[in-house]
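All residue numbers for the sequence shown refer to the numbering used here, where the first residue is 266 and numbers rise by one.
All C-beta atoms, glycine included, are put in the ideal place defined by N, C-alpha and C.
Nothing here was measured: the structure is a model prediction, and the numbers come from that model.
The structure under discussion appears below in the form of structure tokens.
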Amino acid sequence: MGETMYRLVYVSTAAESLKEDDIDNILNVSQSNNDERYITGFLAHNGRSFMQALEGERREVVDIYDRIVADERHFGVAQIIGEPVEKRAFPDWSMNYHRVDDNEGSSAMVVRQDESIDALLNPDMPRDLLYLFSKFLRMR
Numbered sequence: 266m267g268e269t270m271y272r273l274v275y276v277s278t279a280a281e282s283l284k285e286d287d288i289d290n291i292l293n294v295s296q297s298n299n300d301e302r303y304i305t306g307f308l309a310h311n312g313r314s315f316m317q318a319l320e321g322e323r324r325e326v327v328d329i330y331d332r333i334v335a336d337e338r339h340f341g342v343a344q345i346i347g348e349p350v351e352k353r354a355f356p357d358w359s360m361n362y363h364r365v366d367d368n369e370g371s372s373a374m375v376v377r378q379d380e381s382i383d384a385l386l387n388p389d390m391p392r393d394l395l396y397l398f399s400k401f402l403r404m405r
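Structure, rendered in structure tokens:
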């Protein structure tokens, strides 16, 4: 881990054909691959769009992002943050996932966690990142 830590955050829109099984597959593959590469991050889904943060050595993060951009299960991928960082915002998660349920706008962790979004996001993480994910998950 001699390289500078790097964080990349992007948003995208889910393909109409995306199913719950596809998301499960993405999470399982991501967790396995990220563990091997010491990549940490968070994937948020607000019903139609995704926001994901990836953290690790820059070359590893950029390699993963290039594969993400080419994935046909979503489109309109736009990087919104790409910066060197001193420490991880998600140090314990090879990939965590949060989805906002459509019914009555309630939030529920799916697959990976059962806490509310406010309890889930580390209050010590950079405020701009905390604000970004909190706003994204409250959008409809």
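Problem - Distance CB(Ser295)-CB(Phe340) smaller than 8 angstroms - result: no
Handout entry: Where Ile304 sits in the DSSP three-state scheme
Key = coil
Problem - DSSP-derived helix/strand/coil call for Glu348 - result: strand
Problem - Ser282 (DSSP reduced to helix, strand or coil) - result: coil
Problem - Inter-residue spacing [alpha-carbon to alpha-carbon] between Gly306 and Trp358 - result: 6 angstroms
Practice task
Taking all protein chains shown into account, decide if Ile333 is buried (16 or more other Cβ within 10 angstroms of its Cβ) or exposed.
Solution key: buried
Practice task
Tell me, please, which residues DSSP counts as bridged to Ser314.
Solution key: Thr278
Exercise for the section: Please work out which residues of its chain come closer than 8 angstroms, Cβ to Cβ, to Phe401, disregarding the five sequence neighbours upstream and downstream, and give them in chain order. Expected result: Val276, Ala309, Asn311, Ser314, Met316
Problem - Proximity of Met270 and Glu320 at Cβ, strictly below 8 angstroms - result: yes
Exercise for the section: Report buried or exposed for Arg272, applying the criterion of at least 16 other Cβ atoms within 10 angstroms of its Cβ. Expected result: buried
Exercise for the section: Would you tell me roughly how many angstroms separate the C-alpha atoms of Lys426 and Arg338, rounded to the nearest one? Expected result: Because the chain spans 266 through 405 in this model, residue 426 falls outside it and cannot be assessed.
Handout entry: As assigned by DSSP and simplified to three states, the class of Ser371
Key = Unreliable positioning characterises Ser371 in this predicted model, as indicated by a pLDDT of 34, which lies under 50. A coordinate reading is not provided.
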